[in-house]
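*Asks:* In our numbering, the protein residues as written are 2 to 122.
1. Which of helix, strand or coil does DSSP assign to residue 70?
2. How far does the beta strand (DSSP E) with residue 45 in it extend, from its first residue to its last?
3. I'd like to know whether the C-beta atoms of residue 45 and residue 56 end up nearer to each other than 9 Å.
4. Closer than 7 Å by C-beta to residue 78: which residues in its own chain qualify, once you throw out the five before and the five after it? Chain order, please.
5. Provide the residue span of the beta strand (DSSP E) that contains residue 12, from first to last.
6. Can you check whether the CB of residue 54 is closer than 9 Å to the CB of residue 14?
If you want it as structure tokens, here you go:
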């Protein structure tokens, strides 16, 4: 087995908490990435975990950690982060446009803090 990075076939992994029932979110993000990047992604792994984990890695480089960021990523953010690693010159079309800043009361409605009562730390 070689330790060299195969740039043509990057691996994206999404680790999610099974107790929190975040599998649907993980698989949806994976589907969005495969749809956007088509054959640029060589492998997509959806990895069951626990302890309220929700992490996304590209080639073992952590690009998103829910615990670190304090929230789940927007699909636009994930696409941009993945693109920056696997295809930096690729345009994401409407996903490259900046979204207007939400008012504080709107932000609380669109980004509710999700707390898992099963995996409370």
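In this text, a Cβ means the ideal position worked out from N, Cα and C, and glycines have one as well.
*Replies:* The short version:
1. One-based indexing of the chain shown puts residue 70 at position 69. If DSSP states are grouped into helix, strand and coil, residue 70 belongs with the helices.
2. Walking along the chain shown from the start, residue 45 turns up at place 44. DSSP places residue 45 inside the beta strand (DSSP E), whose first and last residues are 44–50.
3. Mapped onto the chain shown, residue 45 falls at position 44. Mapped onto the chain shown, residue 56 falls at position 55. Going by C-beta atoms, residue 45 is not nearer than 9 Å to residue 56.
4. Within the chain shown, numbered from 1, the residue matching residue 78 stands at position 77. Taken in chain order, the list of residues that qualify is empty.
5. The residue labelled residue 12 in the question sits at position 11 within the chain shown. For residue 12, the enclosing beta strand (DSSP E) begins and ends at 12–18.
6. Residue mapping note: residue 14 aligns to position 13 of the chain shown, counting from 1. Residue mapping note: residue 54 aligns to position 53 of the chain shown, counting from 1. For residue 14 and residue 54, no; Cβs fall outside 9 Å.
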